[in-house]
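Below is one structure, written out as structure tokens; comments come after it.
Numbering (my numbering), first residue to last: 15 to 757.
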């Protein structure tokens with residue numbers, strides 16, 4: 015707790031503002047506001063899988079942002095709003111290359127945060143190359159985004175180690191037709207003009223019985239980084255569509271089918287260099303890359319789901335089946351590595367690209383029952399089955415003089431990996447109302463998974479013959495995780511809870527075929543890691559519903575952490591994964607939202623965190639007792655304000671809003687003596703928005719990064735010590751003019 019006190023002292027001004035806000039608000043409430051009910055947007059969430067609950071009634075830390083608020087902010091992806099959620103961070107190296115971090119639980123390997131679109135699991139895969147890269151689902155025709163904090167393993171399973179993020183889409187309207195659409199012009203400093211378009215239509219097929227909803231999305235986001243081959247290489251083009259059919263043949267039965275397709279392309283990554291491949295300073299104006307080959311990215315995602323829900327007097331039974339398919343191609347410039355290790359000139363015969371195509375298919379099925387008994391007992395029980403197959407290729411291919419992969423292919427390295435994973439789980443929760451105000455809940459999840467992986471070395475390093483098919487690697491594990499929760503309704507407006515919950519992340523094998531190419535010996539595999547989260551929280555609506563004040567304090571014990579290390583033969587290096595020691599994460603989350611005057615909304619969120627290893631790792635160079643967990647700031651803070659007033663006698667409404675977001679300093683690696691270690695500076699990001707809205711249309715101007723902050727938020731290295739460092743910053747100052755209609 016000593017470190018928490020130091021952090022609070024360091025940021026006492028911001029925390030002081032948080033502490034006095036309620037008193038400022040007390041004196042500012044006007045009589046006209048006091049006569050109304052709560053002015054807060056009412057959001058109903060399904061985070062517990064027990065049906066809809068008001069956000070403030072959920073007995074653990076969860077935040078939700080409505081689709082309407084996201085639209086006002088001009089949000090098209092997660093980066094546009096995550097800083098307003100305390101305890102949430104995003105490790106972002108560009109489109110399709112994101113890692114979500116909740117409450118400081120961050121390490122190499124599969125994602126520590128579960129990601130869902132409605133009922134479909136879309137979490138980034140557990141893979142040695144590019145593991146944990148989460149799908150970059152675009153924000154369009156979304157009802158809300160839910161962020162569940164703390165382990166959600168009993169209900170959401172593996173990789174919900176520290177929490178779960180759920181995108182909940184809008185459903186068809188069975189009573190009347192709905193039409194909505196928007197178009198935005200997008201301008202970023204250093205980039206040409208881009209644009210974005212969204213549309214949705216919902217049509218009843220049989221009034222009250224069936225309806226269909228169709229939504230579409232297109233984004234042309236211009237880049238602001240150049241290289242010698244092209245300008246604006248970090249552009250992004252994404253188009254997506256979603257169709258949802260909902261049928262209610264009776265008042266007790268609902269069938270929902272959803273299909274979604276998204277295609278994303280970019281010509282280059284988001285980093286820039288300050289040195290070229292020869293170590294000379296880059297003299298070009300603006301942001302410039304040293305790459306001499308084209309490093310594009312492609313991401314094609316298909317999501318399908320069918321859900322059947324049957325409602326009875328005593329409860330609801332749900333059956334769901336899903337298919338998630340994702341095909342990606344990550345390309346990176348490998349020319350300098352080939353020059354270094356083989357001796358071919360990087361702008362001549364050594365010009366090359368490391369390409370990593372991956373195909374992934376996940377089928378998942380779940381059945382569950384959530385009771386609605388008259389008595390004090392309630393249950394949630396279910397079964398889950400998942401079947402996953404993926405194929406991965408990693409190849410270094412020679413490139414043409416203009417930077418494209420040469421045809422026919424000429425590989426300097428080529429290997430293939432095929433993986434199959436089967437998982438079975440049984441889960442259940444039992445709740446008991448000790449009194450009409452006090453509820454005790456206990457939950458368990460049994461899991462059993464098996465992984466089989468086969469790798470093939472097609473071409474050895476340098477272009478020689480490969481080693482052929484490697485041994486079949488198998489890994490399996492089973493176990494039980496738990497959750498306990500005690501919630502107390504102190505009053506109609508104040509809820510207090512205590513929770514202990516466990517989460518896990520599955521282990522896997524290390525690719526021995528790739529290690530053989532690098533002439534190194536590595537461990538056969540790594541085991542699962544787990545966390546136990548201890549949490550106490552308060553959720554309240556005060557001052558006649560004009561102030562929402564939520565507080566959560568947490569203590570996390572993280573065991574057997576999955577870590578990455580490097581094996582080397584003195585020249586080539588190869589990364590592999592193993593298990594380290596443990597970590598302790600202590601933190602405090604604060605969320606305040608208030609209406610101090612009519613039409614004025616103020617919000618403050620903050621997170622104080624102390625996330626460190628609590629013992630030495632088996633290999634001391636990878637981490638020692640007291641090392642801070644990478645990429646985790648000690649303190650984050652966000653303040654938002656929005657004011658609206660009527661125009662033309664109330665037919666129109668003018669809106670002005672702003673938010674300021676502060677992120678404390680953090681490190682890229684555990685050990686300061688690690689060659690990859692860089693201390694990243696703190697930064698402050700400000701956004702503003704202005705608009706006019708009517709019942710059926712609105713116009714908004716959004717300004718992101720108002721003051722043009724260019725602090726480095728991450729450093730990218732293809733091969734440390736070989737390639738020049740690539741620096742990543744927040745997107746420069748950007749303007750978005752949006753016009754939307756709804757009917």
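Cβ atoms here follow ideal geometry from the backbone N, Cα and C, with glycine treated the same way.
**Request:** Excluding the 5 residues preceding and the 5 following residue 250 in the sequence, name in chain order all residues of the same chain whose CB lies nearer than 6 Å to its CB.
**Result:** Position 236 of the chain shown, counting from 1, holds the residue named residue 250. Taken in chain order, the residues that qualify are 109, 235 and 280.
**Prompt:** Is it true that the CB of residue 613 sits closer than 8 Å to the CB of residue 576?
**Reply:** Here residue 576 refers to the residue found at position 562 of the chain shown. Here residue 613 refers to the residue found at position 599 of the chain shown. Not closer than 8 Å, so no.
**Request:** Please name the residue, chosen from 376, 81 and 382, that lies closest to residue 402 on a Cα-to-Cα basis.
**Result:** The residue labelled residue 402 in the question sits at position 388 within the chain shown. Out of 376, 81 and 382, 376 has the C-alpha closest to the C-alpha of residue 402.
**Item:** Opening and closing residue of the alpha helix (DSSP H) in which residue 349 lies
**Value:** Numbered from 1 along the chain shown, position 335 holds the residue referred to as residue 349. 349 to 355 is the extent of the alpha helix (DSSP H) around residue 349.
**Request:** Indicate the three-state DSSP secondary structure (helix, strand or coil) for residue 663 in the structure shown.
**Result:** The residue given as residue 663 occupies position 649 in the chain shown. Residue 663: helix per DSSP, three-state reduction.
**Message:** Within 10 Å of its beta-carbon, does residue 278 have 16 or more other beta-carbons around it, so buried, or fewer, so exposed?
**Reply:** Mapped onto the chain shown, residue 278 falls at position 264. Buried, since its Cβ has 16 or more Cβ neighbours within 10 Å.
**Asked** DSSP on residue 776, reduced to helix/strand/coil?
**Response** A query on residue 776 cannot be resolved here, the shown segment of the chain reaching from 15 to 757 and no further.
**Item:** Touching by the beta-carbon criterion (3+ pairs, under 8 Å), the stretch 556 to 567 and the stretch 589 to 596
**Value:** no
**Request:** Hey, could you find the ends of the beta strand (DSSP E) residue 372 is sitting in?
**Result:** For this step, residue 372 is matched to residue 358 along the chain shown. Note, residue 372: beta strand (DSSP E), 366 to 385.
**Residues sharing a beta bridge with residue 130, DSSP** = Within the chain shown, residue 130 is the residue found at index 116, counting from 1. Answer by DSSP bridge pairing, in chain order: 135 and 180.
**Asked** Okay, do the stretch 506 to 515 and the stretch 541 to 553 touch, 3+ Cβ pairs below 8 Å being the bar?
**Response** yes
**Prompt:** Given that a residue counts as buried once 16 or more other Cβ atoms are within 10 Å of its Cβ, and exposed if not, what is residue 238?
**Reply:** Numbered from its first residue, the chain shown carries residue 238 at position 224. It is buried - the Cβ of residue 238 has at least 16 other Cβ atoms within 10 Å.
**Asked** Can you name, in chain order, every residue of its own chain whose Cβ lies under 7 Å from the Cβ of residue 597, other than the five neighbours on each side?
**Response** Taking the first residue of the chain shown as position 1, residue 597 is located at position 583. 572, 575, 625, 626, 627, 628 and 643.
**Message:** According to DSSP, residue 523 sits in a beta bridge with which residue or residues?
**Reply:** The residue given as residue 523 occupies position 509 in the chain shown. Bridge partners of residue 523: 539.
**Request:** Label residue 494 either buried or exposed according to how many other C-beta atoms from any shown protein chain fall within 10 Å of its C-beta, with 16 as the threshold for buried.
**Result:** Stepping through the chain shown from its first residue, residue 494 is reached at position 480. Exposed is the call here.
**Inter-stretch contact at 8 Å, needing at least 3 Cβ pairs: the stretch 411 to 419 / the stretch 383 to 392** = no
**Prompt:** Which residues mark the beginning and the end of the beta strand (DSSP E) in which residue 84 is found?
**Reply:** As a first step, residue 84 is located in the chain shown; it is residue number 70 there, counting from the start. Careful: residue 84 lies outside any beta strand (DSSP E), inside the alpha helix (DSSP H) at 81 to 86.
**Request:** Output the boundary residues of the beta strand (DSSP E) element that contains residue 725.
**Result:** Along the chain shown, one-based indexing puts residue 725 at 711. Segment: none, residue 725 is in no beta strand (DSSP E) and carries neither H nor E.
**Asked** What does a CB cutoff of less than 6 Å around residue 168 pick up in its chain, not counting 5 residues either side in sequence?
**Response** In the chain shown, the residue the question calls residue 168 occupies position 154. 441, 457, 459 and 497.
**Message:** As an exercise, report each continuous alpha helix (DSSP H) stretch of at least 4 residues that is fully enclosed by the stretch 623 to 692, in chain order.
**Reply:** none
**Request:** Any chance you could list the beta strand (DSSP E) runs of at least 3 consecutive residues sitting entirely within the stretch 83 to 118, in chain order?
**Result:** 102 to 106 and 112 to 116
**Request:** Have a look at residue 342 and residue 368 and give me their C-alpha separation to the nearest angstrom.
**Result:** In the chain shown, residue 342 corresponds to position 328, counting from 1. In the chain shown, residue 368 corresponds to position 354, counting from 1. So the two alpha carbons sit approximately 14 Å from each other.
**Item:** First and last residue of the uninterrupted beta strand (DSSP E) at residue 208
**Value:** Reading the chain shown from its first residue, position 194 is the one you call residue 208. Residue range 208 to 220 is occupied by the beta strand (DSSP E) that includes residue 208.
**Prompt:** Residues in its own chain within less than 7 Å of residue 721 by CB, not counting five upstream and five downstream?
**Reply:** By 1-based counting over the chain shown, the position of residue 721 is 707. The beta carbon of residue 721 sits closer than 7 Å to those of 700, all from its chain and outside the five residues before and after it, given in chain order.
**Message:** According to DSSP, is residue 344 part of a helix, a strand, or is it coil?
**Reply:** As a working mapping, residue 344 is identified with position 330 in the chain shown. In this structure, residue 344 counts as strand in the three-state DSSP scheme.
**Asked** Just how far apart, CA to CA, sit residue 421 and residue 103?
**Response** Along the chain shown, one-based indexing puts residue 421 at 407. Along the chain shown, one-based indexing puts residue 103 at 89. About 41 Å.
**Message:** Once the 5 residues before and after residue 751 are set aside, which same chain residues still bring their CB inside 7 Å of it?
**Reply:** The residue you call residue 751 lines up with position 737 of the chain shown. If we look at residue 751 and ignore the five residues flanking it on each side, its Cβ neighbours are 198, 199 and 715.
**Prompt:** Taking buried to mean at least 16 other C-beta atoms within 10 Å of its own C-beta, is residue 148 buried or exposed?
**Reply:** Residue 148 sits at position 134 when you count from the first residue of the chain shown. Answer is buried; the Cβ neighbour count reaches 16.
**Message:** Taking the straight line between their C-alpha atoms, what separation do you get for residue 455 and residue 502?
**Reply:** Working through the chain shown from its first residue, we reach residue 455 at position 441. Working through the chain shown from its first residue, we reach residue 502 at position 488. Take the alpha-carbon of residue 455 and the one of residue 502: they are about 12 Å apart.
**Prompt:** Quick one: what's got a C-beta closer than 6 Å to residue 747's C-beta in the same chain, skipping five residues either side?
**Reply:** Counting from one through the chain shown, the residue named residue 747 turns up at place 733. Counting only Cβ-Cβ distances below 6 Å, and skipping sequence neighbours, we find 203, 719 and 722.
**Message:** So within the stretch 729 to 754, which uninterrupted beta strand (DSSP E) runs reach at least 3 residues, ignoring any that extend past its ends?
**Reply:** When DSSP assignments are scanned along the stretch 729 to 754, the uninterrupted stretches of beta strand (DSSP E) that are 3 or more residues long and fall wholly within it turn out to be 740 to 743.
**Prompt:** Alpha carbon to alpha carbon, what distance is there between residue 91 and residue 83?
**Reply:** By 1-based counting over the chain shown, the position of residue 83 is 69. By 1-based counting over the chain shown, the position of residue 91 is 77. Approximately 13 Å, taken between the alpha carbons.
**Asked** Could you check where the beta strand (DSSP E) with residue 195 kicks off and where it finishes?
**Response** Counting from 1 along the chain shown, the entry for residue 195 is found at position 181. Under the DSSP assignment, residue 195 falls in the beta strand (DSSP E) whose first and last residues are 192 to 202.
**Request:** Classify residue 488 as buried or exposed, calling it buried when 16 or more other Cβ atoms lie within 10 Å of its own Cβ.
**Result:** Translated into the one-based positions of the chain shown, residue 488 becomes position 474. With fewer than 16 other beta carbons inside 10 angstroms of its own, residue 488 counts as exposed.
**Message:** Assuming residue 602 and residue 567 are in contact, meaning their beta carbons sit under 8 Å apart, how far apart are those beta carbons, in whole angstroms?
**Reply:** Working through the chain shown from its first residue, we reach residue 602 at position 588. Working through the chain shown from its first residue, we reach residue 567 at position 553. Confirmed, about 5 Å.
**Message:** DSSP three-state label for residue 166, please.
**Reply:** Residue 166 sits at position 152 when you count from the first residue of the chain shown. Three-state result, residue 166: coil.
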